[in-house]
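Residue numbers (the numbering used here): 2 to 664. See structure below.
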């Protein structure tokens, strides 16, 4: 029912289905299944994270990495400690039912509930088609805050078993954040390189190529979880590292298999997670405390809004593209909680945390509020605030060329300025990748293929597949190769342009406007050098300027060019004084030098070169731009071509004056 899914997000509908199924199972006297944490973290979560990491828009992610890290690390820490501290104060003031909950338990609860959930964000944000910047900021934050959540969760869980927490424990806990996050990334990079290297030798067994991608990615996740490192960071790192090399090695069928299998697998996992959330809500043990639940919900919203506002104010001092108030609102409003918080809370031990049921009840309430209320209202709010949507356009060769050109240009500017910024290090990494890494991880000639050619081949293949799927290839014999498929589209005859008929007066008026207004921006200040000269300028023949330089010199002072008395046989450029900047106003008169008609030029002519003469003003009513001169002939046209393209010029000798002496 599309009309329902346009209003209610799919995640909300799946939770409702889970609630109905759980109620039905409980109604017939059976015990509904609960979403166990082992099943969630080992089987349901990895496909969603691998899909997100493998198809991560790397350019947007790296360009906004600083902003994402600040939101993910500083924002999550702020949420956890702000929420934990306020909830501890509520527990101390809340009466006999809450007095026994200590500071560590509240901080642990704050660390669980503070993290933005990638599953919930993906489910909601992909439906509203928000622009790439906001999507990558919120989604990138939800992926990278896993390291902070894992560290804080295990830290406070361990501290709860200690009799006394020392300063050394706190310092070690702080250092463990770097170990968990960087260790997870390191494990992911290692497995990504192994996958790419393995795919180099699979040309004779194409069938099992997709298996290596799934197998090594899952091993990266399990290896990271084995050592209490961040499994999510490991999966993202392995997906990002392996993709460019694996796709260069594997066949197109294997690439299609990986793509659709990952999408299907992550979609099934997402569906099961939300259904199990609904079922677990019905089946679980709950302890409802109005003060604790309402305070949790309220402080979650306040902490998120304050964190986003303060961090954005700081981030905007360093960003070129500032985050507007609308962007800040969507980032704050898109901080959805989901099944990761539920599963982490479900892992808590009753022996150390007797209030686990109350924590679970509060977490489920927050999840339902964010997914239902915020998830359902974010689409109307995006439309109401006129937030920029994602443009569903395919990249073209033109766009790829200009993107690479701008990257090179910005790298050059950074080098000239001596500023080693984002583009400088990106260029260094690309050079290292091209020189060493590609040769080791990509088989055959593909390792030397330029990026633009690879992109063209990819587009060509995609176009051919779309043509086949659309049925445009139905009448073509099977012997046609896939390379020539791009030329199969029936060519429509070009439609002749119908030019509007203009009267002579109108045409003359248009020409006059163009003559008077074209190239106004290129007007020059009168050159003092030209004023000092005796109203003429002679250019040596071997120092022929380009047409652009000629126009620039003429434009500096057109009235200063006077004809010489002894220059009857020289080509004379006449200028219309009324419009010196117009390129059409330059005509060639008396163009018959001996050098262009086959005779060698005399030394005197070679010394004198070209002379520029002021053109006499034309009588009104005649077109001084388009009316040909009487001397226009084949030799004149040859001379025009000679002047427009003078050919290779000899190098000027050092110390040679620009204007020869005695002229």
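Just so you know, even glycine gets a beta-carbon here, dropped at the ideal spot from N, CA and C.
Please report the distance separating the alpha-carbon of residue i from that of residue j.
i: residue 287; j: residue 425; result: 55 Å
i: residue 386; j: residue 327; result: 7 Å
i: residue 23; j: residue 36; result: 12 Å
i: residue 33; j: residue 349; result: 21 Å
i: residue 409; j: residue 427; result: 10 Å
i: residue 477; j: residue 205; result: Bear in mind that a pLDDT of 47 at residue 477, under 50, signals an unreliable position, so the number given afterwards is only what the model happens to contain. Looking at the two C-alpha atoms, the distance is approximately 30 Å.
i: residue 317; j: residue 466; result: 44 Å
i: residue 370; j: residue 456; result: 44 Å
i: residue 113; j: residue 221; result: 24 Å
i: residue 141; j: residue 74; result: 11 Å
i: residue 111; j: residue 416; result: 46 Å
i: residue 390; j: residue 144; result: 22 Å
i: residue 346; j: residue 435; result: 46 Å
i: residue 341; j: residue 38; result: 9 Å
i: residue 330; j: residue 115; result: 18 Å
i: residue 230; j: residue 2; result: 42 Å
i: residue 146; j: residue 77; result: 7 Å
i: residue 383; j: residue 84; result: 28 Å
i: residue 352; j: residue 360; result: 15 Å
i: residue 227; j: residue 63; result: 28 Å
i: residue 364; j: residue 301; result: 11 Å
i: residue 489; j: residue 458; result: Reliability of the predicted coordinates at residue 489 is poor, the pLDDT of 44 falling under 50, and the value obtained from them is presented with this limitation in mind. Spanning the two alpha carbons is a distance of roughly 17 Å.
i: residue 297; j: residue 186; result: 33 Å
i: residue 1; j: residue 20; result: Missing from the structure shown is residue 1; the chain here goes from 2 to 664 and no further.
i: residue 261; j: residue 48; result: 12 Å
i: residue 289; j: residue 31; result: 24 Å
i: residue 97; j: residue 243; result: 55 Å
i: residue 195; j: residue 464; result: 32 Å
i: residue 127; j: residue 265; result: 15 Å
i: residue 163; j: residue 182; result: 24 Å
i: residue 7; j: residue 373; result: 14 Å
i: residue 216; j: residue 203; result: 15 Å
i: residue 153; j: residue 65; result: 25 Å
i: residue 67; j: residue 41; result: 30 Å
i: residue 470; j: residue 123; result: 29 Å
Please tell me whether residue i and residue j are closer than 8 Å, where the distance is taken between their beta carbons.
i: residue 250; j: residue 201; result: yes
i: residue 270; j: residue 43; result: no
i: residue 356; j: residue 106; result: yes
i: residue 198; j: residue 442; result: yes
i: residue 735; j: residue 307; result: Because the chain in this structure spans residues 2 to 664, residue 735 falls outside the shown range and cannot be described.
i: residue 121; j: residue 339; result: yes
i: residue 398; j: residue 460; result: yes
i: residue 332; j: residue 149; result: no
i: residue 108; j: residue 157; result: yes
i: residue 414; j: residue 453; result: no
i: residue 336; j: residue 9; result: no
i: residue 437; j: residue 263; result: no
i: residue 12; j: residue 125; result: yes
i: residue 188; j: residue 224; result: yes
i: residue 343; j: residue 303; result: no
i: residue 259; j: residue 190; result: no
How close, in whole Å, do the beta carbons of residue i and residue j come, if the pair is a contact with beta carbons under 8 Å?
i: residue 241; j: residue 59; result: 6 Å
i: residue 210; j: residue 267; result: 20 Å between Cβ atoms; not a contact.
i: residue 172; j: residue 119; result: Rounded, the Cβ-Cβ distance is 30 Å, inconsistent with contact.
i: residue 239; j: residue 193; result: 4 Å
i: residue 275; j: residue 99; result: Their Cβ separation, rounded to whole angstroms, is 31 Å, which puts residue 275 and residue 99 out of contact at 8 Å.
i: residue 27; j: residue 284; result: 7 Å
i: residue 160; j: residue 166; result: 5 Å
i: residue 95; j: residue 293; result: 7 Å
i: residue 61; j: residue 169; result: Not quite, the Cβ-Cβ distance comes to about 41 Å (not below 8 Å), so this is no contact.
Identify the residues that DSSP records as bridge partners of residue i: which are they?
i: residue 131; result: 390
Against chain C, does residue i count as a neighbour if the rule is that its beta carbon must be under 8 Å from one of theirs?
i: residue 103; result: Note that chain C does not occur in the displayed structure, where there is just one protein chain.
When the Cβ atoms of the segment 123-138 are set against those of the segment 82-96, are three or more pairs found closer than 8 Å?
Contact fails: fewer than three Cβ-Cβ distances are below 8 Å.
Tell me, please, whether the segment 310-325 touches the segment 354-369 by the rule of three or more beta-carbon pairs shorter than 8 Å.
no
If you pair each beta-carbon of the segment 229-248 with each one of the segment 273-288, do three or more pairs fall below 8 Å?
no
Looking at C-beta atoms only, is the number of pairs between the segment 370-382 and the segment 404-421 that lie closer than 8 Å three or more?
no
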